[in-house]
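This report concerns only the one structure given below.
In my numbering, the protein residues as written are 3 to 130.
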């Protein structure tokens with residue numbers, strides 16, 4: 003059974019290590035084909051995010067915004083700072099029929115696990 007859930011059953015939840023493996027992020031150059039979708043606000047994203055993550059703030063998603071092109075028709079791994087907003091975003095996306103999981107602990111746990119965080123210029127980022 004896939005960890006990605008669709009529809010009314012709600013989203014699954016994964017650790018940051020599982021998220022990195024599912025999305026091919028972290029220290030590995032290869033990995034799964036899921037998209038890491040960061041739902042933090044723009045200033046948080048600019049301060050630091052996972053390399054190659056896709057940005058869509060929860061505020062925009064909750065207002066009905068569609069997924070960015072890179073995230074359409076692909077499994078989604080949703081992340082925020084601590085895991086609260088990403089769970090809400092994952093629930094919204096699951097209700098729209100997306101294959102989605104939420105990352106427990108968010109970017110705080112991601113950085114704490116030693117996974118890479120970059121700023122908008124590609125330098126070392128911080129979790130805001």
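Idealized CB from N, CA, C, for every residue including glycine.
- The C-alpha of residue 98 lies about 11 Å from the C-alpha of residue 91.
- Residue 107 is positioned such that its CB atom lies closer than 7 Å to that of residue 85.
- The region 40-66 is shown to contain whole alpha helix (DSSP H) runs of 4 or more residues at 44-49, 60-64, in chain order.
- Boundaries of the beta strand (DSSP E) harbouring residue 78: 78-81, taken from the DSSP string.
- Residue 121 is positioned such that its CB atom lies closer than 7 Å to that of residue 127.
- Collapsing the DSSP output to three states places residue 38 in a strand.
- Boundaries of the alpha helix (DSSP H) harbouring residue 18: 18-25, taken from the DSSP string.
- Beyond the five residues adjoining it in sequence on each side, residue 88 comes within less than 7 Å, by CB distance, of 41, 80, 81, 82, 104, 105, 108 in the same chain, given in chain order.
- In the structure shown, residue 14 adopts extended strand secondary structure according to DSSP, grouped into three states.
- Here the alpha carbon of residue 73 sits roughly 16 Å from the alpha carbon of residue 13.
- Residue 104: member of the beta strand (DSSP E) spanning 102-105, first to last residue.
- Per DSSP, the unbroken alpha helix (DSSP H) holding residue 114 starts and ends at 108-114.
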